[in-house]
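Trainee: All letters in the sequence shown, in the order written, are residues 18 to 536 by my numbering.
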Amino acid sequence: MMGCRHGRPRPARSLLFGAALAALALVLPLPAAARDVVGVGSSGAVANGWPANEPRGTRRLSFQPNDPLAPEQWHLAANHAFDYWPTLPLLPPVRVAVIDSGIDAGHPEFEGRIVAARSFVGTSVREDATGHGTFVAGLIAATIDNAEGVAGMAPSADLLIAKVVREDGSIDVEAEARAIRWAVEEGARVINLSLGGVRDPRDASLDTFSPLEAAAVAHATRNGVVVVAAVGNGDAAPMQPWPYASYPAALPHVLGVSALARNGSSPAFSNRDRIYNDLAAPGQSLLSTLPRTLTAPFKECAAQGYSSCGPEEYREAEGTSFAAPQVSAAAAALIALRPALRPEQVTALLTGTAVDVNAGTGCRACALRRDALTGWGRLDVAAALRALDGTLPPADAREPNDDLGVGAAPVWGEIQRLQATLDFWDDQNDVYAIRLRKGQPVYVSVRGPAGIDTNLIVWRPGARSIDDLASLGRVVAQSAHPGAREYLQYRATRRGTYYVQVKLGSRGGGRYKLTIIKG
Numbered sequence: 018m019m020g021c022r023h024g025r026p027r028p029a030r031s032l033l034f035g036a037a038l039a040a041l042a043l044v045l046p047l048p049a050a051a052r053d054v055v056g057v058g059s060s061g062a063v064a065n066g067w068p069a070n071e072p073r074g075t076r077r078l079s080f081q082p083n084d085p086l087a088p089e090q091w092h093l094a095a096n097h098a099f100d101y102w103p104t105l106p107l108l109p110p111v112r113v114a115v116i117d118s119g120i121d122a123g124h125p126e127f128e129g130r131i132v133a134a135r136s137f138v139g140t141s142v143r144e145d146a147t148g149h150g151t152f153v154a155g156l157i158a159a160t161i162d163n164a165e166g167v168a169g170m171a172p173s174a175d176l177l178i179a180k181v182v183r184e185d186g187s188i189d190v191e192a193e194a195r196a197i198r199w200a201v202e203e204g205a206r207v208i209n210l211s212l213g214g215v216r217d218p219r220d221a222s223l224d225t226f227s228p229l230e231a232a233a234v235a236h237a238t239r240n241g242v243v244v245v246a247a248v249g250n251g252d253a254a255p256m257q258p259w260p261y262a263s264y265p266a267a268l269p270h271v272l273g274v275s276a277l278a279r280n281g282s283s284p285a286f287s288n289r290d291r292i293y294n295d296l297a298a299p300g301q302s303l304l305s306t307l308p309r310t311l312t313a314p315f316k317e318c319a320a321q322g323y324s325s326c327g328p329e330e331y332r333e334a335e336g337t338s339f340a341a342p343q344v345s346a347a348a349a350a351l352i353a354l355r356p357a358l359r360p361e362q363v364t365a366l367l368t369g370t371a372v373d374v375n376a377g378t379g380c381r382a383c384a385l386r387r388d389a390l391t392g393w394g395r396l397d398v399a400a401a402l403r404a405l406d407g408t409l410p411p412a413d414a415r416e417p418n419d420d421l422g423v424g425a426a427p428v429w430g431e432i433q434r435l436q437a438t439l440d441f442w443d444d445q446n447d448v449y450a451i452r453l454r455k456g457q458p459v460y461v462s463v464r465g466p467a468g469i470d471t472n473l474i475v476w477r478p479g480a481r482s483i484d485d486l487a488s489l490g491r492v493v494a495q496s497a498h499p500g501a502r503e504y505l506q507y508r509a510t511r512r513g514t515y516y517v518q519v520k521l522g523s524r525g526g527g528r529y530k531l532t533i534i535k536g
């Protein structure tokens with residue numbers, strides 16, 4: 018059966034919302050004056066009357082949407098969602114796929130925003146019994162500045178809606194994988210996956226890794242799509258806080274997003290992960306769109322079609338499910354301004370401009386710089402957009418090339434000098450396939466990012482995966498010295514396809530130069 022391992026049933030996925038209360042957060046709240054957000058267009062962190070992270074000389078008036086519920090959307094101010102824009106911009110459309118529970122397609126907030134929709138579970142994609150997909154879609158693409166309801170964060174997002182949630186609330190990974198591939202075919206530039214399955218590297222019986230899902234995500238990355246996923250909620254794991262991000266957030270090249278509370282702390286429900294938690298965004302007390310069928314029973318509530326009039330679990334909505342779409346919206350805004358950006362560049366822009374979360378910002382359990390609770394820190398949309406005016410992060414057109422076999426990038430010719438990038442947290446390995454004759458020598462050298470241990474490994478034909486223990490005997494050469502510069506020589510014992518692996522051995526990332534010379 019596709020997607021199964023060791024005879025176990027194909028792993029399932031679940032939606033990631035409705036978790037613990039704010040009282041379970043790991044830190045004490047800050048004083049009220051320090052945790053109040055000022056409003057749309059303000060940074061929230063103020064020093065001597067000016068935002069602490071913005072120079073006095075560059076302050077300008079920012080766009081403020083006229084949507085009546087926008088002032089209640091505290092995440093807009095926390096993310097500096099509109100601070101970059103003096104007025105609502107006219108941008109080229111960017112297709113964002115929401116792979117979820119469907120959508121209330123007739124909702125006024127989505128008029129003209131849905132360009133394609135498909136169900137992978139047999140029920141109508143235009144209906145959303147749980148409300149989850151409609152909530153996620155609203156955070157991304159609810160019409161901005163239409164004097165109605167809420168404001169989405171991506172001014173020019175066009176929605177691709179894929180329904181993968183079955184009537185019992187479960188998600189089969191085969192449906193998810195098919196939906197990812199469909200979204201790529203439909204021209205998605207961003208895919209939002211507010212769903213997940215347990216990752217447990219200590220217990221294979223609990224771990225839900227799916228090769229089917231991993232292959233679909235790699236296909237999306239190969240086609241220039243930014244994949245954003247929620248790191249998961251502890252209530253879906255054996256305990257909370259759970260120390261591992263869920264799948265697919267725990268896959269290479271996926272931007273994993275955790276949740277932040279309004280007081281700056283990391284809620285206990287938000288999964289931790291020292292490797293795969295990349296970024297944090299507001300994940301409590303959020304307001305968005307909701308199917309009108311779910312708000313209709315509350316006739317006394319005026320804001321029909323919005324979560325403030327929905328069932329109790331949505332009135333103070335929380336979960337990493339709802340943090341992820343904020344990052345998806347930010348990715349779409351970056352691509353709208355620079356359509357040629359590759360996924361690794363978008364990821365670098367968002368993580369490189371994130372605001373560090375630590376004791377000074379309200380999270381006493383968060384270490385300085387990158388940590389397992391919040392990754393590189395809190396999303397800052399305005400800072401990411403401003404970074405487009407500087408030197409862009411390097412692109413790596415050969416990604417994904419993370420494994421042996423079809424996962425490797427082919428290299429032809431007798432002499433090749435390549436430049437590519439590695440990142441300890443998102444892309445630790447690059448693999449290149451080379452053809453050698455029996456007895457043919459090959460010389461390989463690498464100059465890695467400064468100060469970061471970079472290693473070379475050569476695999477002989479027949480090896481299946483760099484993560485396969487049975488393949489370790491097929492390592493025929495490897496560099497043995499610490500440091501950023503390595504070299505090795507090898508003479509082929511048989512004709513066939515060999516693999517050169519470049520691997521980071523210490524924290525960090527950046528560009529490296531690889532030379533392969535065949536004798």
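Backbone N, C-alpha and C define an ideal beta-carbon position, used for all residues, glycine too.
Straight-line CA distance for residue 228 to residue 268?
Mentor: 10 Å
Trainee: Looking only at C-alpha atoms, which of 140, 463, 302, 359 sits nearest to residue 278?
Mentor: Among 140, 463, 302, 359, the Cα nearest to that of residue 278 is on 302.
Trainee: Rounded to the nearest angstrom, what separates residue 169 and residue 157 at their Cα positions?
Mentor: 5 Å
Trainee: Decide if residue 319 is buried, meaning its Cβ has at least 16 other Cβ atoms within 10 Å, or exposed.
Mentor: exposed
Trainee: What span of residues does the beta strand (DSSP E) with residue 398 cover, start to end?
Mentor: No beta strand (DSSP E) contains residue 398, which is instead part of the alpha helix (DSSP H) from 398-403.
Trainee: Determine, using beta carbons only, whether residue 214 and residue 264 come nearer to each other than 7 Å.
Mentor: yes
Trainee: Can you tell me whether DSSP reads residue 292 as helix, strand or coil?
Mentor: Of the three classes helix, strand and coil, the one that applies to residue 292 here is coil, per DSSP.
Trainee: Over what stretch of residues does the beta strand (DSSP E) that includes residue 458 continue unbroken?
Mentor: 458-464
Trainee: First and last residue of the alpha helix (DSSP H) that includes residue 135?
Mentor: Premise fails: residue 135 lies in the beta strand (DSSP E), 131-136, not in any alpha helix (DSSP H).
Trainee: Would you kindly work out how many angstroms separate the C-alpha atoms of residue 382 and residue 341, rounded to a whole number?
Mentor: 22 Å
Trainee: Per the DSSP calculation, residue 180 is bridged to which residue(s)?
Mentor: 117, 136
Trainee: Taking 7 Å as the cut-off, decide whether the C-beta atoms of residue 295 and residue 273 are in contact.
Mentor: yes
Trainee: Does DSSP put residue 427 in a helix, a strand or coil?
Mentor: strand
Trainee: Please classify residue 389: does DSSP put it in a helix, a strand, or coil?
Mentor: coil
Trainee: Do you know how far the Cα of residue 476 is from the Cα of residue 365?
Mentor: Here the alpha carbons of residue 476 and residue 365 stand approximately 30 Å from one another.
Trainee: So which of 174, 492, 373 has the shortest CA-CA distance to residue 354?
Mentor: 174
Trainee: In the structure shown, what three-state DSSP assignment does residue 261 receive?
Mentor: Three-state DSSP puts residue 261 in coil, outside helix and strand.
Trainee: Enumerate, from N- to C-terminal direction, the unbroken alpha helix (DSSP H) stretches of 4 or more residues contained entirely within the stretch 295-380.
Mentor: Counting whole runs of 4 or more residues, the stretch 295-380 contains the alpha helix (DSSP H) stretches 309-312, 329-332, 337-354, 360-369.
Trainee: Measure the alpha-carbon distance for residue 225 versus residue 422 and round it to whole angstroms.
Mentor: 23 Å
Trainee: Should residue 91 be labelled buried (16 or more other beta-carbon atoms within 10 Å of its own) or exposed?
Mentor: buried
Trainee: Please report the Cβ distance between residue 516 and residue 463, rounded to the nearest whole angstrom; I am assuming they are in contact, meaning their Cβ atoms lie under 8 Å.
Mentor: Going by Cβ atoms, the distance from residue 516 to residue 463 rounds to 14 Å, so no, they are not a contact pair.
Trainee: Can you tell me whether residue 312 is buried or exposed? The criterion is at least 16 other CB atoms within 10 Å of its CB, across all chains shown.
Mentor: buried
Trainee: By Cβ distance below 6 Å, which residues in the same chain neighbour residue 245 in space, the five residues on each side in sequence not counted?
Mentor: Within the same chain, and ignoring the five residues on either side of residue 245 in sequence, the residues whose Cβ sits closer than 6 Å to its Cβ are 209, 272, 341, 344, 345.
Trainee: Select from 330, 391, 107 the residue whose C-alpha is nearest the C-alpha of residue 290.
Mentor: 391
Trainee: What are the uninterrupted segments assigned as beta strand (DSSP E) that are 3 or more residues long and contained completely in the stretch 182-217, given in chain order?
Mentor: List check, beta strand (DSSP E) in window: 207-210.
Trainee: Let me make sure I understand the geometry here. Which of 533, 178, 526 has the alpha-carbon closest to that of residue 433?
Mentor: 533
Trainee: Measuring alpha carbon to alpha carbon, tell me which residue in 259, 31, 231 is nearest residue 181.
Mentor: 31
Trainee: Leaving out five residues before and five after residue 108 in sequence, what residues of the same chain have Cβ atoms less than 8 Å from its Cβ?
Mentor: 172, 173, 350, 353, 354
Trainee: Cα separation between residue 358 and residue 114?
Mentor: 18 Å
Trainee: Going straight from the alpha carbon of residue 478 to that of residue 155, what length do you get?
Mentor: Going by the C-alpha atoms only, they are around 49 Å apart.
Trainee: Skipping 5 residues on each side, what residues in its chain have a beta carbon closer than 8 Å to that of residue 503?
Mentor: 462, 463, 465, 471, 472, 473, 496
Trainee: Around the C-beta of residue 257, are 16 or more other C-beta atoms found within 10 angstroms, so that it is buried, or is it exposed?
Mentor: buried
Trainee: In angstroms, rounded to a whole number, what distance separates the CA positions of residue 160 and residue 110?
Mentor: 13 Å
Trainee: Could you give the DSSP three-state label for residue 91: helix, strand or coil?
Mentor: helix
Trainee: Does residue 81 pass the burial test, meaning 16 or more other C-beta atoms within 10 Å, or should it be called exposed?
Mentor: buried
Trainee: Touch check for the stretch 188-208 and the stretch 146-153: three-plus C-beta pairs under 8 Å?
Mentor: no
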